[in-house]
Every structure is written in structure tokens, then in C-alpha cells.
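Asks:
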Amino acid sequence: MPSKVAMAIYQVDVIVVVISENYASSVRCLNVLAEIVEHSLFRRDPKTISTVFYEVDPGDLTRSNGKFADDLRRHEERETPENVTRWRSALEHVDRKADPRFCSRNR
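Following the UniProt record's numbering, the numbering of the sequence shown begins with 1 at its first residue and continues without gaps.
#1: Using DSSP's beta-bridge definition, name the partner residues of Phe53.
#2: Measuring alpha carbon to alpha carbon, tell me which residue in Leu91, Val37, Val18 and Phe53 is nearest residue 113.
#3: Assuming Glu92 and Thr62 form a contact by the criterion Cβ under 8 angstroms, report the distance between their Cβ atoms to the nearest whole angstrom.
#4: Reducing DSSP to helix, strand and coil, say where Val12 ends up.
#5: Is it right to say Tyr10 is buried, meaning 16 or more other beta carbons lie within 10 angstroms of its own, or is it exposed?
#6: I'd like the span of the alpha helix (DSSP H) that includes Lys67, first residue to last.
#7: Name the residue from Arg86, Glu35, Val12 and Ser50 whose alpha carbon lies nearest to the alpha carbon of Ser3.
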């Protein structure tokens, strides 16, 4: 049975994701983001993903240093390599698709 999040993803056309400084510390947030991105990329009904960056720069998501990188390194100690790779891919996708109008900091 699909999760409530998965069911919601199927039912909407636009998804708004708000990413803040502590986003990558949450396994749940990372799993939801990965599910959203994977659904949008690999299903026949791609979704519009609008990402709001609150007090973070989109580039922070993929830098090799900083809070996001530290959080992902901590997850590497406890989570499967497949999960961490999945989360990194989702964060990279969001970084590439970032719209500067939705950043609280200037790029």
C-alpha cells in the first residue's frame, strides 16, 4: 500500500518543497524529496516541483563542505549506501532546477 506521501504525490500537479538549513538532517525529509524527484522523473505524469530555499543557497545542497555535506556524511554512517546515493541525486536535481526567485539569499 502506498504511503500517504506517495498518494499525495500522485494526486497533485505542483509540489512545493521548502528547504531550510536543517533539511538534510532529517531522513524523512530526504526520503520524501527523493520520492518526489523520482516520481517526477520516471513516471508518465511528471510533476512541477517548486523549491523554496529558506536561509540556504541552492548550491549548499551539493557542496562538499557545509551543513548539508556534514549531515549526509553522518547519514553514511547509519544508512545504506543506496539511500544516501538516492538522497544526493535528489538534492542535485533540486540544485540544478533551482529558480533564483525562490531563494531567500541571493545566488
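Built from N, CA and C at the ideal position, the CB exists for glycine as well.
Replies: Here's the rundown:
#1: Under DSSP, Phe53 takes part in a beta bridge, and its partners are Ile19 and Cys103.
#2: Residue 113 is absent from the model: the chain starts at 1 and stops at 107.
#3: So it is a contact: roughly 5 angstroms between Cβ atoms.
#4: Residue state, collapsed to three classes: coil.
#5: Exposed, since its Cβ has fewer than 16 Cβ neighbours within 10 Å.
#6: Annotation: the continuous alpha helix (DSSP H) that includes Lys67 extends over Lys67 to Arg78.
#7: By alpha-carbon distance to Ser3, the top candidate from Arg86, Glu35, Val12 and Ser50 is Glu35.
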